[in-house]
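Q: The structure's right below; bear with me while I get my questions together.
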Amino acid sequence: MGPLIALGYNKTLDLEDVPQLDNYDSANVVFARFINKLEYDGNGSQASTLKLVKALILSIWKEILWTALLSIICTSASYVGPYLIDVFVQYLNSHHQTKYKGYALVFIFFLSKLIRCISERHLFFQLRMISIRVRAALFAIIYKKSLRLSTLSKQGHSSGENANVLNVDVERTSLFSWYLHNIWRVPVQVVLALLILYKSIGLASLVAFVSTMILLLANVPLGKLQEKFQGELMDSKDRRMKVTSEALRNMRILKLQGWDMKFLNQIIKLRNFESRRLKKLLYSSAMIAFVYLSTPMFVSMVTFGFCVLIGIPLESGKILSALAIFEILQGTIYNLPKLIYMVVQTKVSLDRISSFLCLDDLHTNIVQKLPRDNVEVSVEIVKGNFSWDLHSSNLTLKDINFRVYHGTRVAICGFVGSGKSSLLSCILGEVPKISGSIKLNGTKAYVAQSPWIQSGKIVDNILFGKEMDKERYNMILEACSLKKDLELFAFGDQTIIGERGINLSGGQKQRIQIARALYHDADIYLLDDPFSAVDAHTGTHLFKECLLGILGSKTVIYVTHQVEFLPSADLILVMRDGKITQAGKYEEIHSSGTDFMELVGSHKKGLAVINSVERQTALNSLIIDEEDANILCSEKLIKDDQDSEPKNYKTEKSNQSEGQLVQEEKREKGGVGLSIYWKYVTAAYKGAFVPLILLAQFFFQFLLIFSNYWMVSATPVSVDVIPYVRGTTVIFVYVALTLGSSLCVLIRSMLIATVGYKTATLFFNKMHLCIFRAPMSFFDSTPSGRILNRASIDQSALDTSIPNQIEEFLMSLIEFLGTTIVMSQVAWQMLLLFIPMGVICIWYQVRYAPHLPLVLRGLTCTFPGGMKIGIVGRTGSGKSTLVQALFRMVEPEVGQIWIDGINISNIGLHDLRSRLSIIPQDPTMFEGSLRSNLDPLEEYTDEQIWEALNKCQLSDEVRKKEGKLDSAVTENGENWSMGQRQLVCLGRALLKKNKVLVLDEATASVDTMTDYLIQQTLNQEFSGSTIITIAHRITSILDIDLVLLLDNGLVLEYDSPAKLLEIKTSSFAKLVNEYTQRFS
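Position one of the sequence shown corresponds to residue 7 (the numbering used here), numbered consecutively onward.
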């Protein structure tokens, strides 16, 4: 440790500077030892609290025995001084003792103190090691359990609650190691103390024993009270963390809709409810601290009073010995409420961890594994009935029968909410099975409808733990059209992705997800609408290169709303209301059944619109007029700019930290400045209570020292000396001084609880106000886990730990000063020792505490009021960024944005966002009811909400549900399909009826029939509004007035669709032509 400490003195330590862990202490080995001792078969019902405790003890029993031995040595050494102090006093007052006896006694005092100090240091180090091992074991088992949770368990146990279990409960359980040996040390110390007391004061020690036992037995009701308050506090903290986690996860939509302050108010309300429980806990802790700090004084008062009452002589040596014992007892009994508090907290935390481990897992027997030699069948479902909710009579999927042979492509299509994604989840084994069988042959890879991206490098997201195969890696990048995107990133595939892929477009996230699945080379691929988030050109490329190319020999089951990708399938499954209504090849089912005809029919209507626009264009003009030539000219200039762009756009890749979106968490060096402590102590009531707390502690210490001094000075040195103060007077004065010091303890404890509670509340409110007012760039670059840690474990420290630590610090400081003053009265030379000791005790801590390239460049355009503007372009071209700029989610570096003659940078964010409506790319629903999701601000009547549901094609589905508008919405809206969530977002916009509506790929997750109906609704409801549409379906933007085509953050073309189609070489004309050629 010496070299490491020396290095840390000279520089801030980095992870590379710290030596590697011994294998015995690694998380893998610690977890393996723990799980071997746990009687746990993976089924949660086996993981009881008792078994958890037993497994933890058995996995660290050697460390427990070693620390028990150190505790025995430390405890024994601490009683040497009190045992011999009477002998030492007698020696000092005797003139017949040899000098060597005095030296021997002093040496024994010194040696016992040295042994105590050394054993105590080693004890603390070993206890810290136990704490780390317990934390590692519990972290690992909770993480592994979370990977196996069933969908129903996840719905009932939110990510906020999981964060509390990991951050708070595991931490508190691991901290219990510090109090582990106090369970037996407290009674042992009491017994040793009473034996020494019996030697000094005889029968009076029995009175001390009885009074001590009475106070110890009083722990039972106090412990139950603490347990009740602690349990209530943790439950209320869970509810708050659930909402906080949901708000942080969906902060972008909250800011876009102007709902951020609404959610903040909800969190503050939950915190106020939590604070009432916290206040009870703090004040009860203060009362318990008062009772137990007063206990030694009460015991000494009763003991000395009994001595006077029955005539036991009190000598100064015996009083000093008794006072020394009482001081040890004071530490013991002072630690008792902490022990009770920690036992209670640990029990509550272990119960919560146990209940988490008892949650239902995914049933492993849902899917039967076919033998590998069965090469024909890949997937088979026979008479399958499935339901997400086992308690509901409504089945999610009914009478499912199909067989998929190896190497075939199966397409699944159907209307919104028909059960397409649920069918893929069935194959994954995630939907509870009611009846029937699922058989699977081979490994599987899944691409979700909503892209799942980890914070980290792009290359790590694709490899996902696999070894790098450069040839395969490059082939997959090419197939997924990612090479061009990586060239545009300053760090290529080393670019760090922000929280939930925030610095990537929807299409880029989807393609990275597809690349990850392809790289893992599975036997069966399940793709949930993988082409909806990409533009037409990229979608065609992905289909040809990935599905028909790399996956040509694999079994592929893909959900799609794009009719153009259906003819290539070997089998098409048409779904409606959880049933497969049609199955067969494209030609077979094209002419039979209404469901498929409705889907294809609406698509043909869109193609008909394209043909009519093209015919009109041909009639209007056969040549490119001057105005059109100007567009192409500007296009050429932009291309010239792009040729020279890379010289300025790319940065040096050697410095990997600068220019990345997500930065390392800042660390500050040196000691914590006094200003930090000053801000804390003066936050509540401007520090008015601080002098009162100091004064109360000062008087407590003064009265305590003076009461001890009085007892020693007022009693004779030996039995032979006549006392000059009556025994009753001695006791009455001592009682008065003791009661006075007890009163000071009560005042100090209550004041610290009051100030701690108030300060924690103020810090909470200020922190959350800062978080919710922070710009979106803060959330883009700060992982939500970092913020959740501040709101959970750090806030928990503010609530309970820091007030206790400040109380202990004040007690230690003023006790040290009091001891220094008393010792200096006897021998002033002691100051020469105390001053450097005080200096040594000052130690240092470490605490935690527009660099990216431009996305849109030189953009100038005007959107006329009341018109429909379509924004198109390749994924990653800057379409969604332009929308974010309109809502001031990102501020322009240069230039201005004007709406209705107002510079939007000059008005309040809430004023701006409340007057704009958006249907975002990622449809978001919050936990609660359907009503609260449509109308969180409670501004509309039920009739208005039902009207909006009718218009967004969702009313029939809602009427089927038991709760109607009060139907439950689980975390992230998991119990609603992606398409239904998008329709809910449409319903919000229909309710607001603002004059500016932005559709950011708003119908990407719905079928073509629903898309067509939505477009009709928008045309009717927003006929006089300005509608800005980002879409990958060309049919969604052909009836608009103007088209803005972006490429790499630059405006490539901007004109009416008809005029752009006249120019056969325009990018828009090529895009439409490519779209129509898919069906030729």
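Where a beta carbon is used, it is the ideal one built from N, C-alpha and C, also for glycine.
Which whole runs of the alpha helix (DSSP H) in the region 118-171 are 4 residues long or more, in chain order?
A: Correct list: 157-162, 165-170.
Q: Would you check if the region 433-443 and the region 474-482 touch, i.e. whether three or more CB-CB distances between them fall below 8 Å?
A: Too few Cβ pairs lie closer than 8 Å, so no.
Q: DSSP puts residue 1059 in a beta bridge; with which residues?
A: BP columns for residue 1059 point to 1051.
Q: Residue 59 and residue 232 look like a contact to me (Cβ under 8 Å); what is the Cβ gap, rounded to whole Å?
A: That pair is no contact at about 19 Å.
Q: My understanding is that residue 261 touches residue 895, with C-beta atoms under 8 Å, so please give their C-beta distance in whole angstroms.
A: Contact holds; Cβ gap of about 6 Å.
Q: Near residue 712, what residues of its chain come up, given a Cβ to Cβ distance below 8 Å and the 5 sequence neighbours on each side ignored?
A: So the list reads 743, once near-sequence residues are dropped.
Q: Taking 8 Å as the cut-off, decide whether the C-beta atoms of residue 442 and residue 582 are in contact.
A: Cβ atoms of residue 442 and residue 582: not closer than 8 Å.
Q: Of the residues 276, 981, 17, 256, which one's Cα is nearest the Cα of residue 247?
A: When each option's Cα is compared against that of residue 247, the closest is 276.
Q: Residue 451 lies in the beta strand (DSSP E); which residues open and close that run?
A: That run of the beta strand (DSSP E) goes 450-453.
Q: Could you pull the start and end residues of the alpha helix (DSSP H) that residue 1014 belongs to?
A: That run of the alpha helix (DSSP H) goes 1014-1027.
Q: Since residue 702 and residue 775 are thought to touch, with beta carbons under 8 Å apart, how far apart are those beta carbons, to the nearest angstrom?
A: At roughly 33 Å, the Cβ-Cβ gap does not stay under 8 Å, so residue 702 and residue 775 are not in contact.
Q: If I measure Cβ to Cβ from residue 36 and keep anything under 6 Å in the same chain, skipping five residues before and after, which residues do I get?
A: Same-chain partners within the cutoff: 139, 142, 143.
Q: Are there 16 or more other CB atoms within 10 angstroms of the CB of residue 569, so buried, or fewer, so exposed?
A: With 16 or more other Cβ atoms within 10 Å, it is buried.
Q: Check each candidate in 526, 817, 566, 558 and name the one with the smallest Cα separation from residue 545.
A: That would be 566, whose Cα lies nearest to the Cα of residue 545.
Q: For residue 946, collect the residues of the same chain with a Cβ closer than 6 Å to its Cβ; drop the 5 residues on either side in sequence, then sort them by chain order.
A: Excluding positions up to five away in sequence, the list reads 997.
Q: In whole angstroms, give me the CA-to-CA distance for residue 56 and residue 237.
A: Going from the Cα of residue 56 to the Cα of residue 237 covers about 18 Å.
Q: Just to confirm, does residue 104 get its C-beta within under 7 Å of one of the non-hydrogen atoms of the ligand MN?
A: The ligand MN is not part of this structure, which contains no ligands at all.
Q: For residue 929, which residues in the same chain have their Cβ closer than 6 Å to its Cβ, ignoring the five residues on either side in sequence?
A: Closer than 6 Å at Cβ, skipping near neighbours: 987, 988, 991.
Q: How big is the Cα-Cα spacing for residue 79 and residue 70?
A: So the alpha carbons of these two residues sit roughly 14 Å apart.
Q: Who are the Cβ neighbours of residue 396 in its own chain at under 6 Å, not counting the five residues just before and after it?
A: So the qualifying residues of the chain are 438.
Q: Span of the alpha helix (DSSP H) holding residue 1006?
A: Not the alpha helix (DSSP H): residue 1006 falls in the beta strand (DSSP E), residues 1002-1006.
Q: Note down the Cα distance separating residue 309 from residue 815, rounded to an integer number of angstroms.
A: Looking at the two C-alpha atoms, the distance is approximately 30 Å.
Q: Please report the Cβ distance between residue 557 and residue 574, rounded to the nearest whole angstrom; I am assuming they are in contact, meaning their Cβ atoms lie under 8 Å.
A: Not quite, the Cβ-Cβ distance comes to about 12 Å (not below 8 Å), so this is no contact.
Q: When you compare only the Cα positions, how much space is there between residue 937 and residue 952?
A: Approximately 10 Å between the Cα atoms of the pair.
Q: Given a cut-off of 8 Å on the beta-carbon distance, is the pair residue 182 and residue 352 in contact?
A: Yes, Cβ-Cβ distance for residue 182 and residue 352 is below 8 Å.
Q: Which ranges does the alpha helix (DSSP H) cover as unbroken runs of at least 4 residues, wholly within the region 407-448, from first to last along the chain?
A: Counting whole runs of 4 or more residues, the region 407-448 contains the alpha helix (DSSP H) stretches 426-434.
Q: Are there 16 or more other CB atoms within 10 angstroms of the CB of residue 265, so buried, or fewer, so exposed?
A: That one is buried.
Q: Would you call the region 114-134 and the region 75-89 in contact, with 3 or more CB pairs under 8 Å?
A: Short answer: they touch.
Q: For residue 1074, which residues in the same chain have their Cβ closer than 8 Å to its Cβ, ignoring the five residues on either side in sequence?
A: Taken in chain order, the residues that qualify are 878, 1049, 1051, 1059, 1063, 1066, 1067.
Q: From which residue to which residue does the alpha helix (DSSP H) around residue 683 run?
A: Run containing residue 683: 680-689, per the alpha helix (DSSP H) assignment.
Q: According to DSSP, simplified to helix, strand and coil, what is residue 542?
A: Here residue 542 sits in helix by DSSP.
Q: So what's residue 374 in DSSP terms, helix, strand or just coil?
A: Here residue 374 sits in strand by DSSP.
Q: Which value, in whole angstroms, describes the spacing of the CA atoms of residue 504 and residue 510?
A: Residue 504 and residue 510: Cα-Cα distance of roughly 8 Å.
Q: For residue 1046, which three-state DSSP category applies?
A: It is coil, neither helix nor strand.
Q: By DSSP, does residue 404 sit in helix, in strand, or in coil?
A: Strand, per DSSP.
Q: Residue 253 and residue 408: beta carbons closer than 8 Å?
A: In this structure, residue 408 does not lie closer than 8 Å to residue 253 by Cβ.
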